[in-house]
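> Just so it is clear: in the sequence shown, position 57 is 57 by our numbering, and no numbers are missing.
For each residue, glycine too, the CB sits at the ideal point set by N, CA and C.
Bear in mind that the values here come from a model prediction, so they are computed numbers and not experimental data.
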Amino acid sequence: MTDQLFDLTGFQRDTLTVIAGLEEPSGQEVKQELEKKHDDINHGRLYPNLDALVEEEYVEKGQIDRRTNYYELTEKGEVALVNRREWENSVVPPLGE
1 MTDQLFDLTG FQRDTLTVIA GLEEPSGQEV KQELEKKHDD INHGRLYPNL
51 DALVEEEYVE KGQIDRRTNY YELTEKGEVA LVNRREWENS VVPPLGE
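(1) Which of the three DSSP states, helix, strand or coil, is assigned to Val59?
(2) Can you name the residues that DSSP bridges to Ser26?
(3) For Phe11, tell me which candidate among Gly21, Asp65 and His38 has the shortest Cα-Cα distance.
(4) Determine the burial state of Arg67: buried for a count of at least 16 other Cβ atoms within 10 Å of its Cβ, exposed for fewer.
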């Protein structure tokens, strides 16, 4: 199985996962959630990675107002996350059993 998520950085995969778990989050909401796991999330790190996910069609960007965008997974993004989770489950035996 070729999983295009392997071509993304860990930070981009985490960003995609955060977007999947929130309903049309703004960039600021994505940032707040990522800060729970990553240190030093700044504009210069977050937005180029969001733009890359949009460009690769994992994420769609829309507009909330003139200054605020929202992000949501595309079908490609959803399929990629499902495939990634299935691969992880096939490689790692169930934990805690």
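Reading off the structure:
(1) Assigned with DSSP and collapsed to three states, Val59 falls in strand.
(2) For Ser26, the beta-bridge partners assigned by DSSP are Tyr70.
(3) Of Gly21, Asp65 and His38, the residue nearest in Cα terms is His38.
(4) Result: exposed.
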